[in-house]
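Presented below is the structure to which this report refers.
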Amino acid sequence: DAGVIQSPRHEVTEMGQEVTLRCKPISGHNSLFWYRQTMMRGLELLIYFNNNVPIDDSGMPEDRFSAKMPNASFSTLKIQPSEPRDSAVYFCASSFRGNNEKLFFGSGTQLSVL
Amino acid sequence: GESVGLHLPTLSVQEGDNSIINCAYSNSASDYFIWYKQESGKGPQFIIDIRSNMDKRQGQRVTVLLNKTVKHLSLQIAATQPGDSAVYFCAENRNSNSGYALNFGKGTSLLVTP
Chain A
1 DAGVIQSPRH EVTEMGQEVT LRCKPISGHN SLFWYRQTMM RGLELLIYFN NNVPIDDSGM
61 PEDRFSAKMP NASFSTLKIQ PSEPRDSAVY FCASSFRGNN EKLFFGSGTQ LSVL
Chain B
1 GESVGLHLPT LSVQEGDNSI INCAYSNSAS DYFIWYKQES GKGPQFIIDI RSNMDKRQGQ
61 RVTVLLNKTV KHLSLQIAAT QPGDSAVYFC AENRNSNSGY ALNFGKGTSL LVTP
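Rendered as structure tokens:
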């Protein structure tokens, strides 16, 4: 398996633009997680899905952020409109059972909002 | 130990020495813990995990110790190598009513010198 695949690897955009981050989890995994990493706050959980259903989105900063998982092999994290403070590395991770199982992380998307 | 804010604690060790990285966790209800390694430009990579019914678990060159009484976790790396230089994170499962996800510490930077 290729592991968790994220795209793009790097995204540079201007404030106010819409940003869409993409994730393909490991085949057979039924839980998917979106994390954000910054120096100040470390790794923060934004949202996670079990069997394509959002379970906990309490970490989503505000209404500008939204996430979807239309099927078991694809998820998106959208920021609209983007702001400079959204600049961070966004990681997607997946796991098999979603309960007391290790998470496998993608390589992340480095987002810079100018 | 774990840090708050901009500066990660840094552990500097000589190649061949043993390393010990410490972590204090917060949730006494957590029953599953993981250590991750993150190299520059990459996503966190699983190293070793431990469940709360154990106090020690060994892997290849790594050992995790769990002290539930004081809510302390440590990662020991034997015969540290240059390739071990990275940021190390401990994580605990949230085990909350809203389901399962991992909470990550701020990380410790390990620097291996020749």
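These protein sequence lines are chains A and B, in that order. For the first sequence, the residue numbers in the working numbering are 1 to 114. For the second sequence, the residue numbers in the working numbering are 1 to 114. Beta carbons: idealized from backbone N, C-alpha and C, even for Gly. Model, not experiment: these values are computed from the prediction.
- Task: Leaving out five residues on either side along the sequence, give the residues of the same chain with a beta carbon under 8 Å from the beta carbon of residue 102/B.
- Result: Excluding positions up to five away in sequence, the list reads 34, 91, 92, 93, 94.
- Cα separation between residue 26/A and residue 54/A? 18 Å
- Under the three-state reduction of DSSP, which class applies to residue 1/B: helix, strand or coil? A caution first: residue 1/B carries a pLDDT of 41, below 50, which makes its placement in the model too unreliable to give a value.
- Item | Collapsed DSSP secondary structure at residue 17/B in the structure displayed | coil
- Item | Whether residue 31/A touches residue 49/A by CB criterion (8 Å) | yes
- Task: Determine the extent of the beta strand (DSSP E) in which residue 66/B is found, giving its start and end residues.
- Result: If you look at residue 66/B, you'll find it in the beta strand (DSSP E) that goes 62 to 67.
- Examine chain B for any beta-carbon lying closer than 8 Å to the beta-carbon of residue 27/A, and answer yes or no. no
- Query: Is DSSP giving residue 86/A helix, strand or coil here?
  - Reply: Shown here, residue 86/A sits in a helix according to DSSP, grouped into three states.
- Are the C-beta of residue 6/B and some C-beta of chain A separated by less than 8 Å? Caution applies to residue 6/B, whose pLDDT of 49 falls short of 50 and renders its modelled position unreliable; the value that the coordinates give is listed next. Closer than 8 Å: yes.
- Query: For residue 54/A, which of helix, strand or coil comes out of DSSP?
  - Reply: strand
- Message: Taking the straight line between their C-alpha atoms, what separation do you get for residue 77/B and residue 25/B?
- Response: Cα-Cα distance, rounded: 20 Å.
- Query: In the structure shown, what three-state DSSP assignment does residue 83/B receive?
  - Reply: helix
- Query: Whole-angstrom Cβ separation of residue 91/A and residue 105/A, contact assumed at under 8 Å?
  - Reply: Yes, residue 91/A and residue 105/A are in contact; Cβ-Cβ is about 5 Å, under 8 Å.
- Could you check what DSSP says for residue 6/B in three-state terms: helix, strand or coil? Low local confidence applies: a pLDDT of 49 at residue 6/B is under 50, so the model's placement there is unreliable, and no value is given.
- chain B contacts made by the segment 18 to 49 of chain A, where a contact means CB separation under 7 Å: In summary, the residues of the segment 18 to 49 of chain A whose CB is separated from some CB of chain B by less than 7 Å are 33, 39, 40, 42, 43, 45, 48, in the order they occur in the chain.
- Message: Per DSSP, what are the beta-bridge partners of residue 45/A in this structure?
- Response: 35/A
- Query: For residue 60/B, which of 66/B, 22/B, 11/B, 49/B has the nearest alpha-carbon?
  - Reply: 49/B
- Item | Selection from 40/A, 8/A, 10/A that minimises the alpha carbon distance to residue 85/A | 40/A
- Message: At the level of alpha carbons, what is the spacing between residue 68/A and residue 76/A?
- Response: Straight-line Cα distance between these residues: approximately 5 Å.
- Task: State buried or exposed for residue 86/B, treating a residue as buried only when at least 16 other CB atoms are found within 10 Å of its CB.
- Result: buried
- Item | Boundaries (first-last residue) of the beta strand (DSSP E) holding residue 19/A | 19 to 24
- Item | Enclosing beta strand (DSSP E) for residue 10/A [first to last residue] | 10 to 13 is the extent of the beta strand (DSSP E) around residue 10/A.
- Message: Going by DSSP in three states, residue 31/B sits in which element: helix, strand or coil?
- Response: coil
- For the putative contact between residue 33/A and residue 88/A, defined by C-beta atoms under 8 Å, what is the C-beta separation to the nearest angstrom? The pair is not a contact, with the Cβ atoms about 15 Å apart (cut-off 8 Å).
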